[in-house]
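Student: I have a structure here, written as structure tokens, and I will follow up with some questions on it.
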Amino acid sequence: MSIQEFVAPHSLSEAKGLLSDGAMASVLAGGTDLLVGVRLGTRSPERVVDLKHIPELTAIHVDAESVRIGAAASAFSILHDSDVPSCFPGLAEALDLIGSTQIQGRCSAGGNLCNASPAADSIPALIANDAQCLITGPAGDHQMRVEDFVLGPGKNALKEGELLVALILPRPSSQTADAYLRLTPRTEMDIAVAGVGVSLTLDGEGTCTAARVSIGAVAPTALLVEAAGAALVGTQLDATAIEAAVAATREAACPISDKRGTAEYRTHVVGVLVARAVAQAQARIVETSS
Amino acid sequence: MNAYQEFSIIGSRPVRPDGLDKVTGRARYGADLNMQGQIYGHIVRSPHAHAVIQSIDCSQALAMEGVLAVMTGEDLPEPGDSVLGSGEGAIALKDLSPMVMSRGKVLFHSQGVAAVAATSPELASQAAALIEVSYQVLPAVTDMHEALSAEAPILHEDRFPDGFPEEPTNLAAHISLEVGEPDAAFESADVVIEQTYSVPMCHQGYIEPHACVARVDAAGRVDLWCSTQGHFTVAQYTAALTGIDVGKVKVTASEIGGGFGGKTTVYLEPVAVVLAQKAGRPVKMIMDRGDVFRVTGPAPGAQTRVKLGAMRDGQLVAAEVECVMDTGAYNGNPAGIPAFMATACYKLTNARSTGRAVYTNKPKIHAYRAPSVPQVTLGVELAMTELAAELEMDPLAFRLKNAVEEGDANMMGAPYNRIGLRECLEVASAHAHYKAPVAEGEGRGVAAGYWINAGLQSSATLNVLSDGHLSILTGSPDIGGSRASMALMAAEVLGIPFDHIHPQIAATDAVGHCDVTGGSRTTLATGQAVIQAAEQCVAEMCRRAAAEWEVEAGVVTWSQGAAHYGEHSLTFEALARRAGTMGGPLTFSSSLTASSAAPSFGVHICDAKVDQETGRTTITRYTVIQDAGKAIHPAYVEGQMQGGAAQGIGWALNEEYLYDENGALENPGFLDYRIPVASDLPFIDTVIVEVPNPLHPFGVKGVGEVPIVPPMPAVAEAVYRSAGVRMRDMPLNPPKIVAALQER
Ligand SMILES: Cc1cc2nc3c(=O)[nH]c(=O)nc-3n(C[C@H](O)[C@H](O)[C@H](O)COP(=O)(O)OP(=O)(O)OC[C@H]3O[C@@H](n4cnc5c(N)ncnc54)[C@H](O)[C@@H]3O)c2cc1C
């Protein structure tokens, strides 16, 4: 069945209606996954619901406590927001790695998350920043952590008729910073062989007081590696602590061998990226507090 | 001695005449033409890599509303033993026909088995799904070494390589050459090294997929439009494959978005023609990207064993090269080239070389830029570098000591004319890149390369327009800026402005025969036809001026775009405007089989940095030095040098065909078939060396292919120097480098 209907609602309630009247509907943010899927024949919605004309879904709102990124806000608009890139340089790096300038003009963080690819770049960065998903649907609104949202390759926790409205991230203090690194054979237009998002908080003495480490492309879903974070907390991020975090990460990784890399290589390299991402996040905090 | 020694416009860098249309999106490529009433073809492809076709039932598809024609391999004539073309370009119809549509048996995954034409692309693809094909699946073999083992399934029960007629094997060809006494020479050598190197099968990676549209009129005449490197070849191949008289086939070449050798044959065209014939409507076909990778001819994977012997002073005394090449399911004739050309850069009086081709369940290989030479050169050049290290000699000095020059013969027997390898090596040795210290953590590699270059047939027609402008018609599709070069050459001979000249690619019925734009031949051979036609124009204009002035034609001279005698002069424009009253329209044609081709040599310098933890390689600096004979348009010569280097770097680092256990290609797209993107490469520096080709009036040599020859060994050496581990099997991708580092 090919697409029969294309609708671009202007309000969330309208959109919800279009998703719950029984039609085989797919929502479209940037369409950079959905349209590729339609072309490949892996997706065949009857109705496509475009989200980009719904203000709540494209808005970016920053206040003292939190940063709220509309699910359909384009990577370009996030990257050019006055606050988001300085609050979350790592998340910005992740979004800036997606495709090319042309792709970034369309694609969204919400689409990257809902598409639930194991190799999606922004997911580890969102998990590292403790992001929450704001979901709306026939049963009302609720929130869920990003690490619980992705259930498997291409599978997310949204129920029939539900929609991701926004991503909500706690606003970091000046003693907190994130970083995202991925390994691809090419410099760009490539897909992660491994990806790592890290967020660290240091006290005035440089002791790590909080750490979240998330890894992508080395398991069916992006993972929060709590043991890696725990290995860093309470330390000065010395070589022993980093080694322990690297070991914990490699322990947590359970990659497959495929055309993009062997399991051995992915396990090895995800550890290398953790060490580098921790060093980068640490350097960012030192830089802003000096 | 070249007929032209001094140039006024040759060597300048005007903007190409086709540039504006290309950057504004007006240029028409293969998929851009639509014919009135056209319908759409779709090919049914085999889900198996090796199978007997038991039956094909098209009845359900044909019964579908909107379906106008179906075809199978039975609609093409039996190939028999006929051969198309001659010499290097010869190809047996039985190796060509099944690449268009199989009959009886499929020998590689996604091979075409049937086709359907319907009123929309969607209908055609739905109808294709209704064609029922039943297969008896056979075991497949995609690895060429396994294909040679006793247990391997045999692809062709009826083929025996020359000299091995006992029983069928998957050996497609075996060629052995020897000069002097290599065994005795190895005995006498102070140092002997022997190593084995390998390169995977890879694709040309042209951006524009194959596309065509064909119409067959009531009289059976074919009008075909397609993206190709040679529309005369398309006409010849399509006619032979469909059984239509070649005189009834007109082909127009679209603009072309890359070919690199891959568009010197046909895939869709005969299918579109047969479907159009059956349906009575024009048929358009566009291959999707996945099929471009799965079913068109890639470059052969190869394994090369190289043994070299030298004296302590750096004198090479013996070489032995044995190259095994994967030809895919049919014979693409890859074995001869490595046998003949492996050691072409070096003076060797004692050498043995062997080339072998092996059948595997993969698409038949096809030409890719300097076909088969990059593969064997990886081995020979890396072995040269390894041997230089053993001799504690500078790798360029070692090459210079042994480099061929005028009068030396290679394995092909004939001595070289004036060539430019020594000059390239000297320029490389003195280059700022080579003199600069290697940066901390980086490595540097150098390599030389050779390519024979083709001459072949070309034609050109010049029409002087009434306003003094000139149109040039050739039959050589313009891939790398050749229209600009044709205009420059005509401008040089005629002395008229470059922008008064309008070069065009004419259809097969509008200009004399031209062989493909390939073999680095177009600027040389088609250019020579343009030069000759322009010279005829000068002679005729001088004759007309002489008649006007009532003097002997011989006393009139031509310079700066005008005929002169004493006080008299008549400009090109004046002669053009008055053509009607001075003898009629001024039209000149020249056709030739070029015997002026001369080989090219290049030397590359590569700096690379390997990340010891991730195994990622960054090329930090790259310089290409190449003998161009005479660079007609230097910017487009540099473009060829840079493009060849970019493709070679991609092959060295990441490009590779990956097959699963069922013989299906795992990476049929640019996401996982990783050609380099712009940010993967440094600016590629170029130095054009000009050692004029004495056989060509302007001194031109082919430049398009040799730049893909040296990159693999140059990159491999740079990676070795940076990483500290020697790897001889391409590609040098991050997992492989990390595995090698961990093994150390
Ligand atoms: C050339 C190219 C390069 C790419 N490179 C990268 C890369 O480097 N890294 C990377 O991670 N990805 C990459 N991608 C994939 C893609 O661009 C990203 O995943 C992108 O973030 C998807 O966002 P989108 O807005 O375009 O999603 P869409 O295609 O609009 O949607 C994706 C999926 O999520 C669903 N969806 C979207 N929004 C919502 C919502 N609010 N609620 C519920 N469901 C929703 C859609 O129905 C669909 O199933 C690339 C894609 C292309 C074409």
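Chains as they are written, first to last, in the working numbering: chain S, 6 to 295; chain H, 1068 to 1811.
Backbone N, C-alpha and C fix where the C-beta goes; we use that ideal spot for every residue, glycine too.
The model shown is predicted, which means the values in this text are computed figures rather than measured ones.
With a 10 Å radius around its C-beta and 16 neighbouring C-beta atoms as the bar for buried, classify H:P1801 as buried or exposed.
Tutor: buried
Student: Using the beta-carbon count (16 or more within 10 Å), is H:L1646 buried or exposed?
Tutor: Note that residue 1646 of chain H corresponds to Ala in the displayed sequence, not to Leu. Buried, since its Cβ has 16 or more Cβ neighbours within 10 Å.
Student: Please confirm whether H:S1549 has its beta-carbon closer than 9 Å to some beta-carbon of chain S.
Tutor: So no, H:S1549 is outside the interface.
Student: Closest by CA to H:P1482, which one among H:A1551, H:M1649, H:E1784, H:V1471?
Tutor: H:V1471
Student: Ligand 1 and H:T1575: does the residue's C-beta get closer than 8 Å to at least one heavy atom of that ligand?
Tutor: no
Student: Under a three-way DSSP split, which group does S:T226 fall into?
Tutor: When secondary structure is reduced to three states using DSSP, S:T226 falls in the coil class, being assigned neither helix nor strand.
Student: Along the chain, where does the alpha helix (DSSP H) containing H:Q1127 start, and where does it finish?
Tutor: 1126 to 1130
Student: Would you mind telling me which residues of chain H sit closer than 9 Å to S:G266, beta carbon to beta carbon, in chain order?
Tutor: N1800, P1801, P1802
Student: Under 8 Å between beta-carbons, which chain H residues line up against S:P190? List them in chain order, please.
Tutor: R1683, L1720, N1721, R1741, N1800, P1801
Student: With the cut-off set at 9 Å, would you say H:L1555 and H:M1608 are in Cβ contact?
Tutor: The criterion of a C-beta distance shorter than 9 Å is not satisfied by H:L1555 and H:M1608.
Student: Taking only three categories from DSSP, how would you classify H:E1634?
Tutor: coil
Student: Would H:S1177 count as contacting chain A if we go by Cβ distances under 9 Å?
Tutor: Among the chains of the structure shown, chain A does not appear; the protein chains present are S and H.
Student: In chain H, what lies closer than 8 Å to S:V277 by C-beta?
Tutor: Under the 8 Å cutoff, chain H gives E1680, T1681.
Student: Could you tell me which chain S residues have their CB closer than 7 Å to the CB of H:V1011, listed as they occur along the chain?
Tutor: As displayed, chain H neither begins before 1068 nor continues past 1811, which places residue 1011 of chain H out of reach and without an answer.
Student: If you measure between the beta carbons of H:I1274 and H:G1324, is that distance less than 9 Å?
Tutor: The Cβ-Cβ distance between H:I1274 and H:G1324 falls below 9 Å.
Student: Can you check whether the C-beta of H:F1750 is within less than 9 Å of a C-beta belonging to chain S?
Tutor: no
Student: Taking only heavy atoms of ligand 1 into account, decide whether any of them is closer than 8 Å to the Cβ of H:S1079.
Tutor: no
Student: Buried or exposed for S:H15, going by 16 or more other Cβ atoms inside 10 Å?
Tutor: exposed
Student: Going by CA-CA distance only, name the one from S:D68, S:N161, S:E248 that's closest to S:P175.
Tutor: S:D68
Student: Look at the alpha carbon of S:S178 and the alpha carbon of S:S79, and state the distance between them as a whole number of angstroms.
Tutor: 25 Å
Student: For a contact meaning CB atoms closer than 9 Å, what does S:I8 contact in chain H?
Tutor: Within chain H, no residue has its beta carbon less than 9 Å from that of S:I8; the closest one is some 12 Å off.
Student: For S:C92 and S:A258, I'd like the C-alpha separation in whole angstroms.
Tutor: 28 Å
Student: Quick one: does H:D1747 have its CB under 9 Å from some CB of chain S?
Tutor: So yes, H:D1747 belongs to the interface.
Student: At 8 Å on the CB atoms, spell out the chain S contacts of H:V1805, in chain order.
Tutor: Neighbours of H:V1805 on chain S, chain order: Y270, H273, V274.
Student: Can a CB atom of chain H be found closer than 9 Å to the CB of S:V283?
Tutor: no
Student: Leaving out five residues on either side along the sequence, give the residues of the same chain with a beta carbon under 6 Å from the beta carbon of S:L24.
Tutor: A30, G166
Student: Compare the beta carbon distance of H:G1542 and H:A1573 with 9 Å and say whether it is the shorter of the two.
Tutor: yes
Student: For the region 177 to 202 of chain S, which residues have a CB atom closer than 8 Å to at least one CB atom of chain H, in sequence order?
Tutor: L188, P190, R191, T192, E193, M194, D195, I196, V198
Student: Could you check whether the Cβ of H:N1734 sits closer than 9 Å to any Cβ belonging to chain S?
Tutor: yes
Student: Determine the contact status of H:Q1121 and H:R1436, defining contact as a CB-CB distance below 9 Å.
Tutor: No.
Student: According to DSSP, simplified to helix, strand and coil, what is S:T141?
Tutor: strand
Student: By Cβ distance below 6 Å, which residues in the same chain neighbour H:G1516 in space, the five residues on each side in sequence not counted?
Tutor: T1444, G1669, V1773, V1776, P1777
Student: Going by DSSP, what residues sit across from H:K1317 in a beta bridge?
Tutor: H:D1290
Student: To the nearest angstrom, report how far apart H:M1794 and H:P1743 are at their CA atoms.
Tutor: 20 Å
Student: Check whether the Cβ of H:E1640 lies closer than 8 Å to any heavy atom of ligand 1, and answer yes or no.
Tutor: no
Student: Would you kindly report the start and end of the unbroken beta strand (DSSP E) that includes H:M1608?
Tutor: Not the beta strand (DSSP E): H:M1608 falls in the alpha helix (DSSP H), residues 1594 to 1616.
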